[in-house]
Amino acid sequence: MKEGLLKLLGVALLVAMPFALGLNKVASANTNNAGIETVTAPQVTLKMWQDSTQNERYAFLLGFVSMLELEKEWQGKKPVPFRQSLIGTWSKALDGVTVKQMYETVENHIKTNPGDINVTVLQVLWYDMVQPKVNDILAAEKTKPRTRHFPPKTSPKTPIHK
């Protein structure tokens, strides 16, 4: 029961983060030219991260981790295979990683890459923590390693790695 409440609190904190950062909307639904509904949400950039308090930063990370956990629970006992799910990829790669380590990874990235101000926090976590482990995980599962990109290569405007 307590665990469920803590997860719910984390999700609430994630939802509250954009408001704390002064953003007007959490998400908006649009219809693209092909008539397909798309949902967009604000992305927390390193600039927003720097402008936030330490508690807001931890709240964002806790909310993100809670969202991963909620998705894993939703998938149930038959999760989507690792190669077909970013949730599985994130979860396996972050297994054993603490929120403090995630926080320090973002902070270290900012120190070593001060020009990456428009890069999102999730991109930093992906490229600095998750992507390096993906091929090892795939090899352990005896599948062909491959590179995964998050988000699509058309973003970000500022390269995350030079």
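The numbering of the sequence shown is full-length UniProt numbering, which starts it at 1 and goes up by one. Backbone N, C-alpha and C fix where the C-beta goes; we use that ideal spot for every residue, glycine too. Given the structure is predicted, the values throughout are model-derived calculations rather than measurements.
Tell me the rounded alpha-carbon separation between residue i and residue j.
i           : j      : result
residue 163 : Lys78  : Because residue 163 is not part of the residues shown, which for the chain are 1 to 162, the question remains open.
Leu138      : Phe64  : 23 Å
Ile110      : Val121 : 10 Å
Gln131      : Glu141 : 16 Å
Thr98       : Met48  : 22 Å
Leu86       : Gln50  : 26 Å
Leu94       : Gln43  : 20 Å
Asn135      : Val124 : 18 Å
Glu73       : Thr40  : 24 Å
Lys133      : Trp126 : 10 Å
Thr53       : Pro114 : 18 Å
Can you check DSSP and say which residues form a bridge with residue i?
i     : result
Thr45 : Thr120
Glu37 : Thr31
Assuming residue i and residue j make a contact with CB atoms under 8 Å, what is their CB distance in whole Å?
i      : j     : result
Ile117 : Leu61 : Incorrect: roughly 19 Å between the Cβ atoms, too far for contact.
Leu68  : Ser91 : 6 Å
Assess, as a yes-or-no matter, whether the stretch 30 to 44 is touched by the stretch 104 to 116 under the definition of 3 or more beta carbon pairs within less than 8 Å.
no
Mind pulling the alpha helix (DSSP H) runs of 4 or more residues that sit fully within the stretch 69 to 137?
86 to 93, 99 to 112, 121 to 125
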